[in-house]
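Peer 1: Residue numbers (the working numbering): 268 to 644.
Virtual Cβ for every residue (Gly too), placed ideally from N, Cα, C.
Quick one: structure below, then a few questions.
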Ligand code: B12
């Protein structure tokens, strides 16, 4: 088989099935990344969402012993929503990050990777493959950069010349010896806008993120949010786009190439107060198709409470009182108490004091005390 010609056929087929960019990389060890991952671990900068050991994440032949090359794919997603409803006083809304707009990208990219895998199988009978998107061991960005999909930005993102950083990434490790592409020759240069704009200083320096300070990570945690970050998350319900929206390379990048990624504004920019009383069934029906629901209802509700507190939304006071007094989950009761204190109407403080008399959970009581302290400010 002529590998050059076959590679061209694969590229052609990828276009037919709606892959926006494809690149080929060697399956060599990711040596630089290995050192970087070890350093990130030592500093405690990892999120805990990464899969596998450092070796599995950087040595493709541990995942497929006969690995010869890696096919990297990118699908562009929109950065702008048409007819986005406004967040108005008395009718406040939260926001899901762009990577959670439309249908869960894992499903969409898996579909494209499966189709590509079937194509390889049909034309190269002795092929072996291992596909992954996001939840696999390999660092999708490192693969994409080696395969010439884009360069590594100071905001850590893989930035493509065509679509900016608004691309999802996935890959297929294979025993087919495809010819590697050249990496993209571009960089951030002197630009440091994303590092300066990060609301929580999570970007320690260009290309280095402390995931534990990154709002994208914090919105996905299930416990009480540390005080330091409570006012910083604003109305974000899931994820954060700040380091991407400020990026000059993303200017005017807004691609609507896939029906699947078109957001339903009522889902990705939902009203906050109704989220506080949403049933498990309703939550599942409404939010399970999007990527941002993978951690379940609790973090979204906790973030909705913080968003209402951020807006000092008085119309939500009754709902917050109900949660503080009746919700079985301590994180929700405590966050509601803190939020009421932040909203700061006299009735809020009365209600907190009353609830304190019946509350037995230490952590919730602590939040209630913090809520009452807003009176002194
Ligand atoms: C864990 C994880 C997170 C964590 C930690 C993120 C992080 N930066 O490490 C949290 C929850 C915070 C997160 C947030 C987001 N994530 Co995320 N995440 C992942 C995951 C599962 C692993 C990432 C990982 O291994 N991190 C460890 C670090 C070291 O690796 P890395 O950032 O991938 O590595 C690159 C840079 O660090 C840089 N680098 C390494 N060494 C050096 C040295 C120097 C000097 C320099 C300059 C750079 C540099 O190059 C590396 C690649 O070669 C990947 C999927 C996957 N399996 O790879 C998705 C992934 C990285 N996430 C993705 C997305 C979309 C996001 C968000 C934009 C979502 C959002 N809007 O909220 C944010 C962006 C935050 C940010 N600025 O990075 C996409 C990125 C697509 C792209 N175009 O880059 C991925 C690839 C998922 C996917 N398949 O599409 N994520």
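(1) With distance defined between alpha-carbon atoms, name the residue in 415, 281, 588 and 520 nearest to residue 265.
(2) Within the present structure, is the beta-carbon of residue 383 separated from the nearest heavy atom of the ligand B12 by less than 6 angstroms?
(3) Tell me which residues share the same chain as residue 512 and place their Cβ nearer than 8 angstroms to its Cβ, disregarding the 5 neighbours each side in the sequence.
(4) Looking at C-beta atoms only, is the number of pairs between the stretch 480-492 and the stretch 337-353 that lie closer than 8 angstroms three or more?
(5) Check whether the stretch 358-370 touches the stretch 492-509, taking contact to mean three or more Cβ pairs, one atom from each stretch, closer than 8 angstroms.
(6) Is any heavy atom in the ligand B12 found nearer than 6 angstroms to the beta carbon of residue 415?
(7) Where residue 461 and residue 388 are concerned, what is the direct C-alpha to C-alpha distance, given to the nearest angstrom?
(8) Any idea what DSSP makes of residue 559, helix, strand or coil?
(9) In this structure, what does DSSP give as the bridge partners for residue 462?
(10) Residue 684 lies in the beta strand (DSSP E); which residues open and close that run?
(11) Is it the case that the CB of residue 603 approaches a heavy atom of the ligand B12 more closely than 6 angstroms?
(12) On the DSSP bridge list, what partners appear for residue 336?
(13) Helix, strand or coil: which one does DSSP assign to residue 589?
(14) Please work out which residues of its chain come closer than 7 angstroms, Cβ to Cβ, to residue 473, disregarding the five sequence neighbours upstream and downstream, and give them in chain order.
(15) Report the residue from 287, 304, 360 and 274 whose alpha carbon sits nearest the alpha carbon of residue 391.
Peer 2: Reading off the structure:
(1) A question about residue 265 goes unanswered here, because the residues of the chain that appear run from 268 up to 644.
(2) Taking the chain shown and counting its residues from 1, one reaches residue 383 at position 116. Residue 383 Cβ: outside cutoff for every heavy atom of the ligand B12.
(3) Along the chain shown, read from residue 1 onward, the residue named residue 512 stands at position 245. Contacts found: 346.
(4) Verdict: no, contact absent.
(5) The answer is yes - the stretch 492-509 touches the stretch 358-370, with three or more Cβ pairs under 8 angstroms.
(6) The count along the chain shown starts at 1 and reaches residue 415 at position 148. Because no heavy atom of the ligand B12 lies under 6 angstroms away, the Cβ of residue 415 does not count as near it: no.
(7) If you number the chain shown from 1, residue 461 lands on position 194. If you number the chain shown from 1, residue 388 lands on position 121. When rounded, the distance between both Cα atoms is 42 angstroms.
(8) Translated into the one-based positions of the chain shown, residue 559 becomes position 292. In the structure shown, residue 559 sits in a helix (DSSP, three-state: H, G or I).
(9) One-based indexing of the chain shown puts residue 462 at position 195. Answer is none; residue 462 lacks a bridge partner.
(10) Only positions 268 to 644 of the chain appear in the structure, and residue 684 is not among them; the question remains open.
(11) If you number the chain shown from 1, residue 603 lands on position 336. No, the beta carbon of residue 603 sits no closer than 6 angstroms to any heavy atom of the ligand B12.
(12) Residue numbering aside, residue 336 sits at position 69 when the chain shown is read from its first letter. DSSP lists 293 and 441 as partners of residue 336.
(13) For the purposes of this step, residue 589 is identified with residue 322 of the chain shown, where counting begins at 1. Helix at residue 589.
(14) Here residue 473 is taken as the residue at index 206 of the chain shown, counted from 1. Cβ within range, chain order: 421, 455, 459 and 462.
(15) In the chain shown, residue 391 corresponds to position 124, counting from 1. Of the listed residues, the one whose Cα sits closest to residue 391 is 274.
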